[in-house]
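In the working numbering, the protein residues as written are -1 to 216. Each residue gets a CB set at the ideal place from its N, CA and C atoms; glycine is no exception. In this text, all values refer to a predicted model and were calculated from it rather than measured experimentally. Okay, so here's the structure we're looking at.
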């Protein structure tokens, strides 16, 4: 099994020191194979590891076109996760002409927003008096006027809340030429079924699933 470090999309100052302190020691201790970079500051950080670790660019860097991929290749990125906002035609065209290996999210919940605020603590900062509901096993949702529920996950170290889409992406990837399939697991407990379905290209259907933007024009 290969281990990668997924750098958060947002890294605040109070987390930066904790995350980057003794980073090389952690890479060696846990035999880390690569880094997944999620923002522009991650590109700057990864430069010292070019040629030493496998560098993957996450879709949060907005991989919409081959110009972006070419520029990421120049700075040392080895693989890109293509934006899930692309439609079918643009996704096929991008992967066919990419100068780097591509991967695409074929199963998983996608974050729709990050907010510097905790809906549970009703503040933009963690306080010692907080009851820390985020540390319980409960699950929390925001419900819109149509009745759709968007699960949110607070981070009590950074006070950044991640809000997920109300539906889970699950696609039939047979016609797409990307090199790797990406599975994103949050709180699912049917891992064996998910892995089997993805390997067999069996998409999940039903009211809780969506094929994302594949049939929409971007």
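Residue range of the unbroken alpha helix (DSSP H) whose run includes residue i
| i | result |
| --- | --- |
| residue 18 | 11 to 18 |
| residue 194 | 189 to 197 |
| residue 43 | 38 to 44 |
Cβ-based neighbour list, residue i, same chain, cut-off 8 Å, excluding 5 preceding and 5 following
| i | result |
| --- | --- |
| residue 2 | 30, 31, 32, 33, 34, 52, 54 |
| residue 95 | 64 |
Presumed contact (8 Å Cβ cut-off) between residue i and residue j, rounded CB distance
| i | j | result |
| --- | --- | --- |
| residue 182 | residue 105 | 7 Å |
| residue 13 | residue 155 | 6 Å |
| residue 100 | residue 213 | That pair is no contact at about 20 Å. |
| residue 168 | residue 207 | 5 Å |
Cut-off 7 Å between Cβ atoms - residues of its own chain near residue i, not counting five sequence neighbours on either side
| i | result |
| --- | --- |
| residue 157 | 114, 116, 122, 123, 124 |
| residue 92 | 63, 64, 80, 84 |
| residue 6 | 36 |
Reduced DSSP category for residue i - H, G, I as helix; E, B as strand; rest coil
| i | result |
| --- | --- |
| residue 89 | helix |
| residue 167 | strand |
| residue 148 | strand |
| residue 178 | strand |
| residue 216 | Note that residue 216 has pLDDT 46, beneath the 50 cutoff, so the model's placement of it is unreliable and the number below is only indicative. Three-state result, residue 216: coil. |
| residue 159 | strand |
Closest Cα partner of residue i within the set the options
| i | options | result |
| --- | --- | --- |
| residue 203 | 119, 170, 141 | 170 |
| residue 66 | 211, 38, 206, 107 | 38 |
| residue 118 | 140, 40, 185, 100 | 140 |
| residue 4 | 168, 188, 164, 58 | 58 |
| residue 175 | 69, 192, 132, 102 | 102 |
Any chain B beta carbon closer than 7 Å to residue i
| i | result |
| --- | --- |
| residue 31 | The chain inventory of the structure shown lacks chain B, comprising one protein chain alone. |
Residue span of the beta strand (DSSP E) that contains residue i, given as start and end
| i | result |
| --- | --- |
| residue 100 | 100 to 106 |
| residue 33 | 30 to 35 |
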